[in-house]
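According to UniProt numbering, the sequence shown is numbered sequentially starting from 1. We treat Cβ as the ideally placed atom computed from N, Cα and C, and that holds for glycine. It should be emphasised that the depicted structure is a prediction, and the values quoted were computed from it without experimental measurement.
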Amino acid sequence: MMEDVLYCKDLHDTIEGDSAKPSDMSNRDWEKLNRKTIGCIRRWINVSGFHHVSQETNAEALWEKLRSLYERKTTQNKAFIARKLVNLKLKEGKSIAEHLSEFQNLVNQMVTVKLVIDDELQALLLLSSLPNSWETLVVSLSNFAPNGVLQLAMVKNSLLNEETRRKDMGKDIAHALVTENRGRSKSRSSKGQGKSRSRTESKGKFKCFYCDKEAASCHVTPRKELFTSYKARNFGRVKMGNDSYADIVGIGDICVRANTGYTLILKDVRYVPDIRLNLISTHVLDKEGYGNYFRDGKWRLSKGSLVFARGKICCTLYKTQVKLCKDVVSAAQEDSSPNLWYRRLAHMSEKGLQILAKKSLIPFTKDLVYSDVCGPIDVETLDGNKYFVTFIDDASRKVWVYVLKTKDQSYCSEKGIRHEKTVLGTPQQNGVVERMNRTIVEKIRCMLRMANLPKSFWGEAVVTACYLINRSPSVPLDFDIPKRVWTGKDVSYSHLKVFGCKAFVHVPKEQGSKLDSKSTPCIFVGYGDVEFGYKLWDPKAKKMIRSQDVVFHENENLADFERTEKPKATVEGVLDLTPTSSSLDNATNREEVQDENYGDEPTESNADEPADIDGDDVIGIDDVKQGEQPPSLEMVEPQVRRSTREHRPSTRYPTSEYTMITKKGEPKSFQEVQSHKDKQSWLKAMHEEMNSLNKNKTYDLVELPKGKRVLRNKWVFKLKKDGDKLVKYKARLVVKGFSQKQGIDFDEIFSLVVKMSSIRVVLGLVTILDLELEQLDVKTAFLHGDLKEEIYMDQPEGFKVKGKEHMVYKLKKSLYGLKQAPRQWYKKFDSFIMGYEYTRTNADHCVYVRKFPNGKFVILLLYVDDMMIVGQDAGVIGNLKKDLFKSFDMKDSGPARQILGMQILRDRKAKKLWLSQKKYIERILERFNTKYAKLVSTPLSAHFKLRKKSCSSSKKEKEDISSTIYSSAVGSLMYAMVCTRPDIAHIVGVVSRFMVNLGKDHWKAVKWIFRYLRDSYKLCLTFGDSKSILEGYVDADWAGDLDGRKSTSRYLFTFVGGAVSWQSRLQKCVALSTTEAEYIAVNEAGKEMLWLKRFLQELGLKQDGYVVNCDS
């Protein structure tokens, strides 16, 4: 293009060198022509390229240097351009003309670097750049190409024609056939030469409110006052029964009460003033699941077994009587006080509010546009922008705002617009837009402050302020409205809402299950969709949402949201954050949220003219960090940065929520501690952890030897509670052991823990023998294990030694997270306890027993760092505690009240003990959104037939069902089953068979189990029967597995009145009869009985007989 400019100005000779100098031209004239050429070229060079050629005084040398800069013919540059061309993809909704321009630009770049692509290959590359939605056109062009050879021109023309065809198909022309009675109408439409009448009263004996007509393709009404929600705009036309057309000027919902007493909500009713009757479309009702029945001149509307409305035929129409739901209309009426409109219109002046009713139009042109860039603003927007550019049309005073990441994000150069700049330091030359920028900034400051929103939302506030300015009176227009002057149409204000107010977004049925919430609480941050859609921020999921189905609470903002919603927040996963701070003193406050970058395209603040959006557009936001106070905006909220953590996929049942703090108030990273309300308590816990490491001489600070690997670490935080009472803040430094390599960083690994059956048997003994039951906790248990491997670890966040940040820790003892840490801790404790004459039981290696000559005994159960001590003499137990405290850093919890999430309730006088998981079940019910689900009384209904055939077959079903959340739900149920709930053992075993490939029936079965737990969450295991005989019950079904025809073995053993061991497991072989299935089950139960018998004998309880009950 630059060559063309030089040829037009007759300056091209100078870039060819002195050899091109005309013989009749003097050297002085040649030099002037040379300088003129240099000046012309430099006017088109951007700032980044200007510095490379600023010293050139020869046009030929300047030209060659630019060629070397921008037309590098290196292999790397060729590969880069070729990669861009091959990877080019048409984004959904993008203009074909823009896509073809981008494609041709890359082809031209290929030609520039001497890579010539023939016409057919260009055509093939262009077709490959189309998305899946264009697959039909691609196949058609490929099959009908002349002689099998595609031509680029043919492909381009086909794409442009297809785009035009799709746009025409998208236009909404509704058809509603109307039969009209004769009569004088109160008003006539200008369309159809007066043939379409409106609001004619029926001559019948009764006045109907709504009537039903079978031929109507949409609900239609001429009465605006009926709407409970309404959006005004031109939505196309509706075809009348006499072939004339009437305009659809609005759309909304109407709530009516039918003659049967049921309430009907009619969605997307068209407001057509020129139509005469209220029409209900049977076609629409049918799509919504209603059944229409016509017989003997009568009509019935039903859904399932419920009849919602009835009607009778009248002439050619079926009529029914309904009443308007006044309570709904009253609830929909909004506050129209001046104060509310003042906040809706971004703090407009009182005079501006008074003159909004004026109407006048003036001609305008787009010859002169004012523009200015404002920024940089220190705090970036949610998607990383630091500038905004303002454009103002001189005639209409309409304003556009575009948010930019960089000041040189050029628009004019891409569109071929010549940009005339003002003199540096003279803003008065561009006073119109300078004053507008000041107005916008003032509005931003007020809007953010009134909404209590963080500073990072200034980009949304800019766009909204511009949107409202275009709908506010303008002094240069004699107080007319810029939007009306620009479009020539009246401006609607009915959709305006208060920026930053609380809103509830409807969740479509297909995006959630029946038990999920039907709305999502959000913050309103702007306007955006074609039909007055709204742009909203979801503080929980940290993402932007565009939707039309919204209910607003305009008198509530972010502060009210946090007060009501923050305690209900949950976290489905732990965010792995990359360390950025070296000490606690200079750590920067940061927030971590999910990133899906919602685009860099310029935003025109006009809800009537944005890009089309198919459905609710959900957009993710990048990571946010705190920034310092900027000079232009007096706000102190987070500044955007790019996240360095790994992104994790979200789940759908329910949607995974990424949030700062968990429901328990536990931060997930060191960065979150810095902004936590209990920051000092968490920092104190971190110091205690580091003191424990130093006290145990866990590491040495050394230089990293050459060739050695370094393991990373992270902080894990936990609130320790005793029931509902907060006990302490606990911080743990954990090594990221997943990067360890076997044979280098570790050899053997195992982690022994006491069996749940052992715990329950011992609790039975505690009950019947009235034993003491004490609980201990080992602080930093894994730190006591000795390491034989040479392992190096990074210095932890917040505790890097100043001046020695490059040094690492050489570990002398094990840490949490190391693969060998559990084994090293067990070896350490086992050698210690065996030295005090305790015996390790053969049945369970985590149960130790010591018997004294006087007949007394002590039993110790070990589950990693949790211990339970049982004995007859409190003094003996006290001595053991003293020995433990001498060797390990311990915490004495006193009488055991909770172990591994199970609450222990005891009545020593009545010799009763209860083991409950009530609180755990309440947590998982809330986690999986079943806390308020309908109750059921059985673990599984008989109508469930779970098999592999029920698994998802279509791609859509597989996308709708998340195996991740299914596995998490089954795992949560399984822990309850293993600890205290034998009643769900069978069904949990069944649903666990479909972890990998599942279907909707399997997910429904899991939800059914949650509903059963909600009904029975207070049930617990009870010990206290005077019988100390071990008794078992065994049974088996036959061919209960619908896929492999295998049987299921089930058994349960009781001791002291409570269940101590149970199992429900699919048999390994196919039983040929019920007898064989029962025999296999009895065999499994017999093995468990022998283990329990041996365990009880090692504890000192011998029994003469054992009972196993079988019905075969």
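Run through DSSP, which three-state label would residue i get?
i	result
N105	helix
C979	helix
N1109	strand
T971	This sequence places Gly at residue 971; Thr is not what is there. Helix.
Y809	strand
S757	helix
T464	helix
G311	strand
P822	helix
Y262	coil
G855	coil
M1038	The sequence shown places Trp at residue 1038, not Met. W1038 falls in the coil class under three-state DSSP.
S229	strand
Y1079	helix
P667	strand
How big is the Cα-Cα spacing for residue i and residue j?
i	j	result
A1039	Y1079	14 Å
E703	W682	30 Å
D617	K94	With a pLDDT of only 34 at D617, under 50, the local geometry of the prediction cannot be trusted, and the value read off the model is given with reservation. Approximately 15 Å between the Cα atoms of the pair.
L62	C522	56 Å
P705	Q824	25 Å
V432	L515	55 Å
Q109	K84	11 Å
S456	C466	17 Å
K882	V876	10 Å
R276	P222	7 Å
V252	V399	Note that residue 252 corresponds to Gly in the displayed sequence, not to Val. Looking at the two C-alpha atoms, the distance is approximately 30 Å.
V369	K267	43 Å
F524	Y534	7 Å
N842	P667	42 Å
V936	V1006	13 Å
T698	S751	21 Å
Here's a check: name, in chain order, each residue in its chain whose Cβ is nearer than 8 Å to the Cβ of residue i, leaving out the five neighbours to either side.
i	result
K918	Q903, Y1017, K1018, C1020
L115	K78, I81, A82
S129	L88, K89, L90, H99, F103
A910	G1024
G989	T1048, S1064, R1065, L1066
S972	I924, R927, F928
L1042	K945, L946, R947
S142	L127, L150
V477	First, the residue type needs correcting, since residue 477 is Leu and not Val in the sequence shown. Counting only Cβ-Cβ distances below 8 Å, and skipping sequence neighbours, we find I362, S396, R397, V485.
R908	D770
Please return the same chain residues whose Cβ sits closer than 6 Å to the Cβ of residue i, not counting the five positions on each side in sequence.
i	result
R897	I904
T1022	W914, G1058
V5	none
K851	F857
So, at 7 Å on beta carbons, what are the nonlocal neighbours of residue i in its own chain, with the 5 sequence-adjacent residues on each side left out?
i	result
E554	L340, K497, V498, C501
F888	V778, H784
Since residue i sits in a beta bridge, which residues does DSSP pair it with?
i	result
Y245	K239
D393	V369
T938	DSSP lists no partner for T938.
N713	V735
Q548	DSSP output for Q548 lists no bridge partner at all.
Q903	Q898, S916
| task | Indicate whether the contact test is met: 3 or more Cβ pairs, each with one atom in the stretch 1016-1029 and one in the stretch 754-768, closer than 8 Å. | result | yes
| If we count Cβ pairs, one from each stretch, closer than 8 Å, do we get three or more for the stretch 487-507 versus the stretch 546-553? | yes
| request: Give a yes or no on contact between the stretch 221-238 and the stretch 296-315, applying the rule of three or more CB pairs nearer than 8 Å. | output: no
| field | the stretch 919-929 in contact with the stretch 770-777 per 3-pair CB rule at 8 Å | value | no
| Given 8 Å, three or more beta-carbon pairs between the stretch 826-833 and the stretch 793-809 | no
| request: Indicate whether the contact test is met: 3 or more Cβ pairs, each with one atom in the stretch 1007-1014 and one in the stretch 933-948, closer than 8 Å. | output: yes
| query | Pairing CB atoms from the stretch 678-692 with CB atoms from the stretch 778-789, are three or more of them under 8 Å? | reply | yes
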